[in-house]
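Down below is the structure, laid out as structure tokens.
Residue numbers (the numbering used here), protein chains in the order written: chain A, 1 to 222; chain B, 1 to 312; chain C, 1 to 124.
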């Protein structure tokens, strides 16, 4: 899932300090799971901003809501009858949802309330780590189900590098070496023969390098 | 246009002469003699020679090495640097390296996307963009500081240039605003995209003059002579950001094939004569693509030869 | 044991401090509380394993929020007591009350008109 973290309160206050009617819009999707932007976080942010405005002697209305998913316009339509009354919306969705909200309500000022970080897993509550960079051409079949692009700091395709020590990445001793993981997994699977075949330079056109991406599924479209 | 550097191009512009620059595209091989040959063709007719940096994302002999070679021929190179292929460590390193050989001009570019080139499947870098590269060079030159904060003594004395494309429509005002941003980042001279649509260029220049920007940045008008009608059509239809009016395609098509090259040069000369009278134009950047041998004739015909000699 | 503690304290009972969420604490301040304390079981003694540890983290977060929005994080606190520490409870309530008296009313109450600044303060 998409992982995000709440933006610092100062930054959000800085965006909204001149507003008098504000909507905090959470998203019930990925950001709820990583506790960065669901209804609960929307309520907390709204309450905090109300305290901020009130203690400063300001009359401001701060409401909260949460949409099923901000990345789909059908759910964004849930705001259509009320969004006009607000000066601005702070969206707690991931960058996708924030942009989609701004796109659908193109005259509304929309501020981000979270920093969107990566595609990752919940290792445990409050501990999330990256697994996929959405490069558009999956090679997990060759690498024992461990992605070197997401999990090697140099995104090497023929690792590990010489800086890897004791199974840890040279960038941080808290980060497992992606290639050590790949090697061990291939060994477990009895597929070590794959390890010694050099991987040729990758075609990055399906990744961000090819420009903004789009999927057109003619089999699904009418 | 503050910050005086030892750049001969800057001195020429500041002395009030119409400057002439041209470019050399390095070979797609290790043949350094090609650079010497091309540079020798134009050396007496231009004030500085740009060396392209893997232009159109086609891998070539590197701009820095070619610039060093040109410098060692006693000529004045302009180091073109695109941010597509290298991060800020590599680019700052190359700038220090260039300066160590007395290279005093840099053209800061973002670069074409690799989609257009011969390695379309490669990853790109774009750690900085052209404006940020200009900011970086200015910081290195004026403050003796790297982006990482390291301070050093011997500073790169770079005359900072950039590109501008008045024709990437539809909004000319946006292009003026973008150039204003580059000027704010320290850009001192600009070489424009190839000019074919004079009306749009004049609109662009008027907006520059109205904002007083022409006094802050020296604008060298970009000129590329057409070799034939095929090239005119190709540039019109296939090259992003180039605006070739129908009238020009028709004019090229209106002469027999063997006369088209001559017509292309005539057209360029007419345009340059007209551009001389446009306020804010401080010179020409002639991009004669694989046609360097025509540069001397063009410079002579518009009356800019011999080049003025600067006091040492 | 008849322990005296200040009467201006309103006690809200919850089954476990793990039930107390950030929003509950913020709402108390929105409604005019001058200070809030969360009193949970001793660390390591939570019947639900970690309820009081979650509460501790949430109180910490509320402190940060109060600091950022201008109320001051010292208006909220977390204490851990066992059921046999009634005396300590009364003492904590007295300490917190004294601290709040020193801090003065919450800025929210001034804004809402339920508290009035002292004349000297206004002049300053």
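Note that CB positions come from ideal geometry on N, CA and C, so glycine has one too.
Burial state of residue i, where buried means 16 or more other Cβ atoms lie within 10 Å
i, result
"residue 38 (chain C)", "buried"
"residue 201 (chain A)", "exposed"
"residue 16 (chain B)", "exposed"
"residue 17 (chain C)", "buried"
"residue 174 (chain B)", "exposed"
"residue 59 (chain A)", "exposed"
"residue 85 (chain A)", "exposed"
"residue 116 (chain C)", "exposed"
"residue 114 (chain C)", "exposed"
"residue 178 (chain A)", "buried"
"residue 99 (chain B)", "buried"
"residue 199 (chain C)", "Here chain C covers residues 1 to 124 and nothing more, so residue 199 (chain C) does not appear."
"residue 177 (chain B)", "exposed"
"residue 152 (chain B)", "exposed"
"residue 215 (chain A)", "exposed"
"residue 10 (chain A)", "exposed"
"residue 268 (chain A)", "Residue 268 (chain A) is absent from the structure shown; chain A starts at 1 and stops at 222."
"residue 204 (chain A)", "buried"
"residue 6 (chain A)", "buried"
"residue 57 (chain C)", "exposed"
"residue 42 (chain C)", "exposed"
"residue 181 (chain B)", "exposed"
"residue 19 (chain A)", "buried"
Nearest-angstrom Cβ-Cβ length linking residue i and residue j, presumed shorter than 8 Å
i, j, result
"residue 49 (chain A)", "residue 62 (chain A)", "5 Å"
"residue 26 (chain B)", "residue 57 (chain B)", "Not confirmed; about 14 Å, so no contact."
"residue 87 (chain A)", "residue 21 (chain A)", "5 Å"
"residue 26 (chain A)", "residue 39 (chain A)", "5 Å"
"residue 104 (chain B)", "residue 45 (chain B)", "With 8 Å as the limit, residue 104 (chain B) and residue 45 (chain B) do not qualify as a contact, their Cβ atoms being about 20 Å apart."
"residue 295 (chain B)", "residue 18 (chain B)", "That belief does not hold up - the Cβ atoms of residue 295 (chain B) and residue 18 (chain B) are roughly 15 Å apart, past 8 Å."
"residue 146 (chain A)", "residue 192 (chain A)", "Not a contact, Cβ separation roughly 14 Å."
"residue 49 (chain B)", "residue 93 (chain B)", "Not a contact, Cβ separation roughly 23 Å."
"residue 139 (chain A)", "residue 108 (chain A)", "41 Å between Cβ atoms; not a contact."
"residue 284 (chain B)", "residue 179 (chain B)", "With a Cβ gap of about 18 Å, residue 284 (chain B) and residue 179 (chain B) do not count as contacting."
"residue 96 (chain A)", "residue 36 (chain A)", "Actually they are not in contact, since the Cβ atoms of residue 96 (chain A) and residue 36 (chain A) sit about 14 Å apart, beyond 8 Å."
"residue 90 (chain A)", "residue 16 (chain A)", "6 Å"
"residue 71 (chain B)", "residue 101 (chain B)", "5 Å"
"residue 209 (chain B)", "residue 279 (chain B)", "5 Å"
"residue 134 (chain A)", "residue 119 (chain A)", "6 Å"
For residue i, the residue or residues it bridges with in DSSP
i, result
"residue 285 (chain B)", "B:21 and B:222"
"residue 189 (chain B)", "B:161 and B:218"
"residue 61 (chain A)", "A:21"
"residue 118 (chain A)", "A:3"
"residue 124 (chain A)", "A:127"
"residue 224 (chain A)", "This structure gives no information on residue 224 (chain A), because the portion of chain A shown stretches from 1 to 222."
"residue 66 (chain A)", "A:26"
"residue 132 (chain A)", "A:119"
"residue 23 (chain C)", "None, per the DSSP bridge assignment."
"residue 76 (chain C)", "C:36"
"residue 81 (chain B)", "B:108"
*Positions along the segment 96-121 of chain B whose CB lies within less than 8 Å of some CB in chain A*: 113, 114, 115, 120 and 121
_Stretch-stretch touch, CB-based, cutoff 8 Å, three pairs: the segment 111-128 of chain B with the segment 81-98 of chain B_ = yes
*Looking at chain A, which residues of the segment 158-192 of chain B have a Cβ within less than 8 Å of any of its Cβ atoms?*
none
*Check each residue of the segment 172-192 of chain A: if its Cβ is closer than 9 Å to any Cβ of chain B, include it; give the result in chain order.*
none
*asked:* Check whether the segment 164-172 of chain B and the segment 128-143 of chain B are in contact - that is, three or more C-beta pairs closer than 8 Å.
replied: no
*Contact between the segment 26-44 of chain C and the segment 302-311 of chain B: three or more CB pairs below 8 Å?*
no
*Interfacial residues, the segment 79-91 of chain B to chain A, with Cβ spacing under 8 Å*: none
*Could you name the residues of the segment 44-57 of chain A whose beta carbon sits closer than 8 Å to any beta carbon of chain C, in the order they occur along the chain?*
44, 47, 48, 49, 50, 51, 52, 54, 55, 56 and 57
_the segment 6-29 of chain A: positions lying closer than 9 Å to chain C by Cβ_ = 8, 9, 10 and 13
*Anything in the segment 53-81 of chain C with a Cβ closer than 7 Å to a Cβ of chain A? List those residues in chain order, please.*
65, 68, 69, 70 and 71
_Near-chain B residues of the segment 195-213 of chain A (beta-carbon distance less than 8 Å), N- to C-terminal order_ = 201, 202, 203, 204, 205, 207, 209, 210 and 211
*asked:* Give me the subset of the segment 84-113 of chain C whose CB atoms are less than 9 Å from a CB atom of chain A, sorted by chain position.
replied: 106, 107, 108, 110, 111 and 112
*the segment 18-48 of chain C: which residues have C-beta closer than 8 Å to a C-beta of chain A, in chain order?*
21, 22, 23, 26, 27, 29 and 30
*Name, going along the chain, the residues of the segment 5-26 of chain B whose beta-carbon falls closer than 9 Å to a beta-carbon of chain A.*
none
_Taking beta-carbon pairs under 7 Å, can you tell me which members of the segment 119-139 of chain B lie near chain A?_
120, 121, 122, 123 and 124
*Between the segment 242-257 of chain B and the segment 205-214 of chain B, are three or more C-beta pairs nearer than 8 Å?*
no
*Evaluate contact between the segment 65-72 of chain A and the segment 70-88 of chain C, counting only Cβ atoms and requiring at least three cross-stretch pairs below 8 Å.*
no
_Stretch pair the segment 92-109 of chain C + the segment 66-78 of chain C: three plus CB contacts closer than 8 Å_ = yes
*Between the segment 181-194 of chain B and the segment 254-265 of chain B, do three or more beta carbon pairs fall short of 8 Å?*
no
*Please confirm if the segment 84-97 of chain C is in contact with the segment 3-12 of chain C, defined as three or more CB-CB distances below 8 Å between the two stretches.*
yes
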